[in-house]
Amino acid sequence: MATKPRSEAGPRHVAIIMDGNGRWAQSRGRPRLFGHHAGARRVREIVAACPDLGVEYLTIFAFSTENWKRTQTEVAGLMSLFRRYIIKEMQEFVREDVRVRFIGDRYRLEPGLRKLMEEAEQMTAHCTRLNLTIAINYGGRDEVARAMRRLARDVAEGRLDPETVDEQTLPRYLDTRVLPDPDLVIRTSGEARISNFLLWQSAYAEYEFIDTLWPDFTRDIFARVLAQYGARDRRFGAVSA
Ligand code: FPP
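Under this note's numbering, the first residue of the sequence shown carries the number -12, and numbering increases by one thereafter.
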């Protein structure tokens, strides 16, 4: 399939907080997991839409470090959904030339899921059409704390001179070290919070808070949000020319 050239005005890296699955299900009298399954179908649709919409990097928040506080049924259901999603999509990612990465602390995840994550990363390592990053057991503060631990270790073991630490040093220790910063962060479901997502990386991102619940977030809505971004004037603290 031919890829359209990226519109210069469009965001290169879009990050999404996919919120509202629970409410979507509850409003239909169904269990919360029903909403997560509907949410997974939207993930597929939005991933497929990215290349044609000029998005090179898509980062999605699937499970936060705080989400362990949900009921055991919901947590187990989400973990099982992630496993099934990876198994089902792996070949499709390769066919569609999508490179998959995971961010977050994967060592708290069960070994079966971790293995699938590693396999998906390895199998798609050569893909270039879209960079899909899935955040599982991810928290921005936790990511910075883990990065600081590695940085401190490098200082203690003489690999890093503390006097050289600056704004360029920390990103090299973050889970996102190979990704550009997000240009646009979208949150669905009407909540205007960033909930510990990509805290360091989003310092200059634009934010869009959309009322639509995630399972209703279609490709057309996504395209509209991207078009609105194109109309904005990003100055990064400077003055417009
Ligand atoms: C937030 O909605 C959503 C989540 C915690 C899970 C996100 C997961 C998916 C979209 C499922 C599939 C993902 C992949 C990568 C296959 P919520 O449950 O907090 O909604 P609520 O605020 O209405 O309760």
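We put the beta carbon where it would ideally sit given N, CA and C, even for glycine.
- The three-state reading of DSSP puts tyrosine 191 in coil, since its state is none of H, G, I, E or B.
- Assignment of asparagine 54 by DSSP, reduced to helix, strand and coil, places it in the helix class.
- The C-alpha of arginine 19 is placed about 11 angstroms away from the C-alpha of glycine 26.
- For tyrosine 216, there is no enclosing beta strand (DSSP E); the enclosing alpha helix (DSSP H) covers residues 206 to 217.
- In the displayed model, phenylalanine 48 falls within a strand according to three-state DSSP.
- A check of alpha carbon separations from valine 42 across Phe223, Arg219, Phe209, Gly145 identifies Phe209 as the nearest.
- Residue state for threonine 111 is assigned as coil, using DSSP reduced to three classes.
- Nearest in C-alpha terms to alanine 49, of all of Ala218, Val212, Val172, Tyr125, is Tyr125.
- Isoleucine 121 is positioned such that its CB atom lies closer than 7 angstroms to that of isoleucine 47.
- Sequence-distant Cβ neighbours of methionine 66 in its own chain, meaning closer than 7 angstroms and more than five residues away, are Glu97, Leu100.
- In the three-state reduction of the DSSP assignment, valine 226 falls in the coil class, being assigned neither a helical nor a strand state.
- Judged by beta-carbon spacing, glutamine 188 lies beyond the 7 angstroms limit of aspartate 170, meaning their Cβ atoms are not closer than that value.
- A residue is called buried once 16 or more other Cβ atoms fall within 10 Å of its Cβ, and isoleucine 74, having fewer, is exposed.
- Of the candidates Gln59, Thr163, Ala190, His24, the residue whose Cα lies closest to the Cα of glycine 7 is His24.
- For the pair threonine 52 and aspartate 129, the CB atoms are nearer than the 7 angstroms cut-off.
- In the structure shown, phenylalanine 196 adopts extended strand secondary structure according to DSSP, grouped into three states.
- Taking 6 angstroms as the cut-off, one finds at least one heavy atom of the ligand FPP near enough to the beta carbon of asparagine 8.
- Taking one beta carbon from each stretch, the segment 197 to 204 and the segment 172 to 180 have 3 or more pairs nearer than 8 angstroms; the two touch.
- Assignment of threonine 120 by DSSP, reduced to helix, strand and coil, places it in the strand class.
- Between asparagine 118 and arginine 86, the C-beta gap is smaller than 7 angstroms, which places the two residues in contact.
- Boundaries of the alpha helix (DSSP H) around arginine 31: 19 to 36.
- Ranking Glu79, Gly64, Val1 by CA distance to the CA of tyrosine 44 puts Val1 first.
- The shortest CA-to-CA distance from glutamate 32 to any of Ile197, Ala134, Glu79 is the one to Glu79.
- Bounds of the alpha helix (DSSP H) holding phenylalanine 69 are 59 to 82.
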